[in-house]
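Reading the sequence shown from the start, the letters are residues 654 to 1061 in the working numbering. All remarks here apply to the structure that follows.
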Amino acid sequence: MMSGRSAFKLSTLTLFMVLFCTEFVRSAFLFSFLPNFAVNESGQTVALVGLAVSLHYTADTLIKCVAGYLLDRFSLRWLLPATFVLMLSGLASVFFSPYAWGLVAGSVMLGMGASPIWLICLEKIRLTERAAQMGAIYTVWLACIGLGPVTINLTFDYGFEPAFRLMVVLLAVGCIASFAINRTTPLHLQNVSFAEQLAGLRRRLVQLKWLLPGMVLQMTAAGLLLPILPGFAADHLGLSQPQYSLMLMLGGAGAMLFLVPMGKLADRWGHKQMLVAGFVSLTAVLALLVVSMPPPALTMLFAFMLGLSYSAVLPAWNAVLSYLVPEDQKGTGWGVLSGIEGLGIMIGPVIGGWMASQYTNAAAISISTALMAVLALFYLILPQNKLVSSGGTLQHKRENAHGRDRVS
């Protein structure tokens, strides 16, 4: 008979497998397959790609707002497999429909299907060491951001059909694994009414008043890059598909290798200082990519530096946000925060796609760079007490000897 500890390890591995399959396909689809397939195969515009990405994240955000409600009331035995069926339907819509609406509808379905998985993972960390679980979740996510687009890019030499088949296989594996979660993963979700969720949202917005500009702007800056990265790499930087894949790998490696050290440094140095340093570094490297048009070798170095810079921002930002989540309503709390952050990722791809269509891919990158500079200035002039007050009990928990190790 399986021990409780063994069952817990199995449930965690199963959940991470489901997360890996979901985020691998999502990152491969958004960063590589959709921009290339839509423009080069379907003859659509970059602006339409930006709209599809934006609506993908709009659907993701809206579902997150009600995912806790759904997870409270419906069994994971059929809810999780249903999300994978929805994602498979979305992929099929994009690949087989000759119309623009099919591409947009498929992107929306993929966003709706992928949305609940992340909240389930966040809810799961209530049952074990928070720092270790959060670190593992972000490691899986970052690995998918790098591996997904890189793997898909390598299949493009054989056409788009092998890439489509690979994503279908991974979603099928995730769907099969999801059947085990209901048996091995106790979620203990809070039964919170819709009225209570609205009241909680109002309380969170009051607490977030000093963080709202940063939350929206930084996701907008990131969203600007999504529909235009492949085109920028090919047209502006002169990279081939293998070189673009290597660039993504180095960026992901820079983020993963320094995520834990930067988290520890943020605890010692301060979250405000790390946010300023991270956004200054992101601004500088993006500006160099746009202005200098570096040779491939230097571009790879810049990609690694971008990943390193991102590793400075993510732990510090996550530390501040984590203290806004009520201990007794983590699912709802993370849903609200994800929804607010989602506002930026909704509008960013639309702006990026429109800028690329009307002007150039480099123009869209320039707008993202300017937003990064604004964010660095915002956190520089934001008083420390405003950041702390927005983070609720941040100061109290930092003074706790064990609390410091729980976030990073």
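Note that beta-carbon positions come from the ideal geometry of N, C-alpha and C, so glycine has one too.
Here the alpha carbon of LEU1035 sits roughly 44 Å from the alpha carbon of ALA753. Taking C-beta atoms as the reference points, THR804 and PRO769 fail to come closer than 7 Å. If the five residues before and after ALA830 are omitted, its C-beta is found closer than 6 Å to the C-beta atoms of THR667, MET670 and VAL671, all from its own chain and listed in chain order.
Here the stretch 946-966 lies against the stretch 911-918, with 3 or more beta-carbon pairs under 8 Å apart. Beyond the five residues adjoining it in sequence on each side, SER680 comes within less than 7 Å, by CB distance, of CYS797, ILE798, GLY801 and PRO802 in the same chain, given in chain order. In the structure shown, the three-state DSSP call for TYR1032 is helix. Secondary structure of GLN1037 (DSSP, three-state): helix. The residues THR873, GLY876 and LEU877, in chain order, have a CB closer than 6 Å to that of GLY1001 in the same chain once the five nearest residues on each side in sequence are set aside.
Scanning its chain for C-beta atoms nearer than 7 Å, with the 5 sequence neighbours on each side dropped, one finds around ALA956 the residues MET900, LEU903 and GLY904, in chain order. Annotation: ALA930 to ALA1029 spans about 8 Å, alpha carbon to alpha carbon. Residue environment: TRP922 is assigned as exposed (fewer than 16 neighbouring CB atoms within 10 Å of its CB, all protein chains considered). DSSP, reduced to helix, strand and coil, places THR698 outside both helices and strands of the structure shown, so it counts as coil. For MET900, the enclosing alpha helix (DSSP H) begins and ends at 894-922. With respect to ALA919, ALA969 sits close: the two C-beta atoms are nearer than 7 Å. In the structure shown, the three-state DSSP call for ILE881 is coil. Judged by DSSP in its simplified three-state form, LEU967 adopts helix. A residue is called buried when at least 16 other Cβ atoms come within 10 angstroms of its Cβ; ASP713 meets this threshold and is buried. With contacts defined as CB atoms closer than 7 Å, VAL706 and LEU879 qualify as a contacting pair.
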